[in-house]
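Here the working numbering is used: the first residue of the sequence shown is 167, the next is one more, and so on. From the three backbone atoms N, C-alpha and C, an ideal C-beta is built for every residue, glycine too. Notes for the one structure printed next.
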Amino acid sequence: MAYTEDGLGALTQHFGIILGTERYEECLEFYRDKLGLPVWFEKDGLCCLRFGAGYLMIETGGLARNQRKANSENPTMLRFNVRDVESVAKLLRGCGVDLELKTFAWGVVGTFIDPDGNACELKNSDDPFFGE
């Protein structure tokens with residue numbers, strides 16, 4: 167089946183990420199208050215936050231670690247495309263987020279973890295690859 171708006175393209179019209187958490191309240195505070203994702207709606211045991219053109223749903227039922235989870239536990243990383251990685255990194259550090267900047271030939275990323283040990287990353291949004 168070809169990618170069209172009424173075929174497989176319909177799968178991406180309203181995308182979302184569901185993140186199961188053990189430390190629900192701490193993760194909700196992290197994504198909502200520290201990272202500034204606005205609340206869309208809440209129900210018992212879950213909160214749906216706006217995440218660009220999609221959503222990030224924080225739910226109970228995950229597994230927490232006191233450090234970054236191994237890829238065997240969670241091979242997914244949440245990517246936040248921002249205009250200026252270094253200025254956003256400075257803001258997040260000011261909110262108490264431990265963040266590591268890494269510079270590569272292709273750009274700068276800022277890596278950090280949420281209260282459950284899930285990996286997150288800042289990346290510059292002006293990457294020409296994403297402009298296509």
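What is the C-beta distance between I184 and E225, in whole angstroms, given that I count them as a contact (C-beta under 8 Å)?
6 Å
Same chain only: Cβ atoms within 8 Å of V338, ignoring 5 sequence neighbours per side:
What is shown of the chain runs 167 to 298, which leaves residue 338 out entirely.
Of the listed residues A219, G202 and E192, nearest to L212 (C-alpha basis):
E192
In three-state DSSP terms, what is E239?
coil
Excluding the 5 residues preceding and the 5 following F181 in the sequence, name in chain order all residues of the same chain whose CB lies nearer than 6 Å to its CB.
G220
Neighbourhood of E252 by C-beta distance below 6 Å, restricted to the same chain and skipping five residues each side:
none
Comparing alpha-carbon positions, which option in V205, D280 and A236 lies nearest G218?
V205
Measuring CB to CB, does F246 end up less than 8 Å from C214?
no
Is the separation between the beta-carbon of R198 and that of G283 shorter than 8 Å?
no
As a quick exercise: from Y190, A271 and T242, pick the residue whose alpha carbon is nearest that of D210.
Y190
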